[in-house]
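Single-structure report; data block below.
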């Protein structure tokens, strides 16, 4: 966290609209994706430090059934699933996802696809390709020549050459 400021917007290519005073989401891949987006949006608020948040999201996305992954992934990173579950199934989760939707739709330049990765406010094909595959290693390269110790030891997020 000392070196990397990460801003996750788990909204994807969803649509949202007001139906009789209630926000309704329509996600590209259906209701399960909307639920997962709410869980991850609540995680953005409640799961800290950032490393735990990344571990939680990665765990959910690598699970065979991400909709059922919330509780075991929360346990894996030492997070209270009850807090995330209450948030994601209640009005707080709806409000937080609505805010993510506003931020996603208002982003400049417009987000054209997901995941959309920016580094220092910039997005291009090279950044997208490298960061999507080895975000940790890419971040360490950006910090050169004075890379922190964490960049010099093996990490599950980055395959060091020569190992």
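Residue numbers (this note's numbering): 1 to 163. Note that beta-carbon positions come from the ideal geometry of N, C-alpha and C, so glycine has one too. A quick note: this is a predicted structure, and the numbers were derived from the prediction, not measured.
| Check | Outcome |
| --- | --- |
| Any heavy atom of the ligand GDP closer than 6 Å to the CB of residue 48? | In terms of ligand content, the structure shown is empty, and the ligand GDP therefore cannot be addressed. |
| Contact defined as beta carbons within less than 8 Å: I believe residue 8 pairs with residue 104. What is the distance between those atoms, to the nearest angstrom? | About 11 Å; that fails the 8 Å criterion. |
| In this structure, does DSSP put residue 171 in helix, strand or coil? | An answer regarding residue 171 cannot be provided, because it is not within the stretch 1 to 163 covered by the chain. |
| Got a sec, what are the start and stop residues for the alpha helix (DSSP H) residue 47 sits in? | Run containing residue 47: none; DSSP gives neither H nor E here. |
| With a threshold of 8 Å, are at least 3 pairs of Cβ atoms found where one atom belongs to the stretch 72-79 and the other to the stretch 119-133? | no |
| What separation, rounded to the nearest whole angstrom, lies between the Cα atoms of residue 4 and residue 139? | 8 Å |
| Would residue 97 pass as a contact of residue 37 if the rule is Cβ separation under 7 Å? | yes |
| Should residue 66 go down as buried or exposed, given a rule of 16 or more other Cβ atoms within 10 Å for buried? | buried |
| Using the Cα positions of residue 34 and residue 57, report the straight-line distance between them to the nearest angstrom. | 14 Å |
| Is it true that the CB of residue 27 sits closer than 7 Å to the CB of residue 14? | yes |
| Return the bridge partner residues of residue 18 from the DSSP annotation. | 23 |
| What's the gap between the Cα of residue 70 and the Cα of residue 45? | 15 Å |
| Looking at the strands, I want to know which residues DSSP matches up with residue 122. | 119 |
| Please report the straight-line C-alpha distance between residue 23 and residue 151, rounded to a whole angstrom. | 43 Å |
| Helix, strand or coil for residue 64, going by three-state DSSP, please let me know. | coil |
| Can you find the residues in the same chain that come closer than 6 Å, C-beta to C-beta, to residue 130, ignoring five residues on each side of it along the sequence? | 138 |
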